[in-house]
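Enquirer: Take 55 as the starting number for the sequence shown in this note's numbering and just add one per residue.
A virtual CB, placed ideally from N, CA and C, is assigned to each residue, including glycine.
Since we're looking at a predicted model, the values are computed, not measured.
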Amino acid sequence: MEEYLDNWFAFSEEPPNIATDQIVISESIDQEKKGFDIPDKIAILPLNENVLFPELVMPWVVQGEKWVKLVNDAVLGNKMIGVVTLRTKKEDGDTSVSAQDFYEIGVVGRISRLLKLPEDAIQILVFGLNKFRVIEWIQWDPYPLAKIELIKEEEIKTDETEALIRNILTLFQKVVELAPYLPKEIFVAAMNIKQPSRLAHFVVSNLNLDVESKQNILSTNELIEKL
55 MEEYLDNWFA FSEEPPNIAT DQIVISESID QEKKGFDIPD KIAILPLNEN VLFPELVMPW
115 VVQGEKWVKL VNDAVLGNKM IGVVTLRTKK EDGDTSVSAQ DFYEIGVVGR ISRLLKLPED
175 AIQILVFGLN KFRVIEWIQW DPYPLAKIEL IKEEEIKTDE TEALIRNILT LFQKVVELAP
235 YLPKEIFVAA MNIKQPSRLA HFVVSNLNLD VESKQNILST NELIEKL
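1. For the candidate residues I159, P237, D91, whose alpha-carbon lies nearest to that of F186?
2. So what's S166 in DSSP terms, helix, strand or just coil?
3. What residues match up with F186 in a beta bridge as DSSP calls it?
4. Select from I135, D213, L140 the residue whose C-alpha is nearest the C-alpha of F90.
5. Specify the secondary structure class of I222 as computed by DSSP and reduced to three states.
6. In whole angstroms, give me the CA-to-CA distance for V138 and K120.
7. So for P108, helix, strand or coil by DSSP?
8. Could you compute how far the alpha carbon of A175 sits from the alpha carbon of R220?
9. To the nearest angstrom, report how far apart V122 and V116 are at their CA atoms.
10. Mind checking whether P108 and L183 have CB atoms under 8 Å apart?
11. Mind reading off the beta-carbon distance from L232 to V180? Whole number of angstroms is fine, and I expect it under 8 Å.
12. If you measure between the beta carbons of P93 and F156, is that distance less than 8 Å?
13. With burial defined as no fewer than 16 other Cβ atoms inside 10 Å of the residue's Cβ, what is the status of A217: buried or exposed?
14. Nearest by alpha-carbon distance to A283: which of F226, V229, I98 is it?
15. Rounded to whole angstroms, what's the CA-CA distance from Q85 to E203? Just pull it up for me.
16. Less than 8 Å between C-beta atoms, sequence neighbours within five positions excluded: which residues of the same chain meet that for T142?
17. I think E338 touches K201, with their Cβ atoms under 8 Å apart; what is that distance to the nearest whole Å?
18. Once the 5 residues before and after E81 are set aside, which same chain residues still bring their CB inside 6 Å of it?
19. Select from L140, A128, K95, W114 the residue whose C-alpha is nearest the C-alpha of E266.
Structure follows, in structure tokens:
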């Protein structure tokens, strides 16, 4: 996490494409999550050029008959989907996927809002519930379905993690001050996040990083390594 913040200071002045920026939600999400019974088999919606993190919200435009059907079926059911990032970007309209296209680690997301758009597209608002590992791919038609294993984030605070958190917040404050595309309120939101892993996810989701770097942070479970 620290190395990404340090490297950020060499960023381009051109703001990134933040059409699918993620938004932190309140600490009360832990209470909300208790009411969700996450299944061990779930439909997988592929994510292009971004990473969904637990405890964060992502607006997302979904295109393609296969993926729109997946979302509609989920909304009619428990509103849950498995979100897994693609290793290589797929062009719009390309709905062909295989196991090799996906990273192993994803996040269970719950669809909280849906808006129909022109040309058979939909916009959804998804918030991340829990990290998971794909154990087995069960089907590919009409859309991917996988057996998953939930992963619990390490949240044990030590003197070392507290020091890392302080350093991350100091560096992130400098990033917010210099980045024209980040509102000042972003740092205030970061200051109010109590869990170390959630803080790491929130900060990295707001940096102009490549997908592989973001996926590495998501996949890392050891807290010291994540920070």
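Expert: Taking the structure as given:
1. Numbered from its first residue, the sequence shown carries residue 186 at position 132. Checked all of I159, P237, D91; the closest Cα to F186 is I159.
2. Mapped onto the sequence shown, residue 166 falls at position 112. Here DSSP, grouped into helix, strand and coil, assigns S166 to strand.
3. Along the sequence shown, one-based indexing puts residue 186 at 132. Answer is G160, L204.
4. To locate residue 90, count along the sequence shown from 1; it is residue 36. If you compare the alpha carbons of I135, D213, L140 with that of F90, the shortest gap goes to I135.
5. Within the sequence shown, numbered from 1, the residue matching residue 222 stands at position 168. In the structure shown, I222 sits in a helix (DSSP, three-state: H, G or I).
6. Along the sequence shown, one-based indexing puts residue 138 at 84. Along the sequence shown, one-based indexing puts residue 120 at 66. C-alpha of V138 to C-alpha of K120: approximately 16 Å in a straight line.
7. On the sequence shown, position 54 is the one that residue 108 refers to. DSSP places P108 in strand when its eight states are reduced to three.
8. Counting from one through the sequence shown, the residue named residue 175 turns up at place 121. Counting from one through the sequence shown, the residue named residue 220 turns up at place 166. One C-alpha to the other measures close to 42 Å.
9. As a working note, residue 122 is residue 68 in the sequence shown. As a working note, residue 116 is residue 62 in the sequence shown. For V122 and V116, the distance between alpha carbons rounds to 6 Å.
10. Here the question's residue 108 lines up with position 54 in the sequence shown. Here the question's residue 183 lines up with position 129 in the sequence shown. Going by C-beta atoms, P108 is nearer than 8 Å to L183.
11. Residue mapping note: residue 232 aligns to position 178 of the sequence shown, counting from 1. Residue mapping note: residue 180 aligns to position 126 of the sequence shown, counting from 1. So it is not a contact: roughly 30 Å between Cβ atoms.
12. On the sequence shown, residue 93 is found 39 positions in, with the first residue counted as 1. On the sequence shown, residue 156 is found 102 positions in, with the first residue counted as 1. No. Outside cutoff.
13. One-based indexing of the sequence shown puts residue 217 at position 163. By the 10 Å Cβ count, A217 comes out exposed.
14. Absent from the structure is residue 283, since the part of the chain shown begins at 55 and ends at 281.
15. Along the sequence shown, one-based indexing puts residue 85 at 31. Along the sequence shown, one-based indexing puts residue 203 at 149. The predicted model places Q85 with a pLDDT of 43, which falls under 50 and marks its position as unreliable; any figure quoted below should be read in that light. Pairing Q85 with E203, the inter-Cα distance amounts to about 21 Å.
16. For the purposes of this step, residue 142 is identified with residue 88 of the sequence shown, where counting begins at 1. Excluding positions up to five away in sequence, the list reads D155.
17. Residue 338 lies beyond the stretch modelled for the chain, which goes from 55 to 281, so this question has no answer here.
18. Taking the first residue of the sequence shown as position 1, residue 81 is located at position 27. Here the model assigns E81 a pLDDT of 39, short of 50, so the residue's position is not dependable and the matter cannot be decided.
19. Here residue 266 corresponds to residue number 212 of the sequence shown, with the count starting at 1. Closest by alpha carbon: L140.
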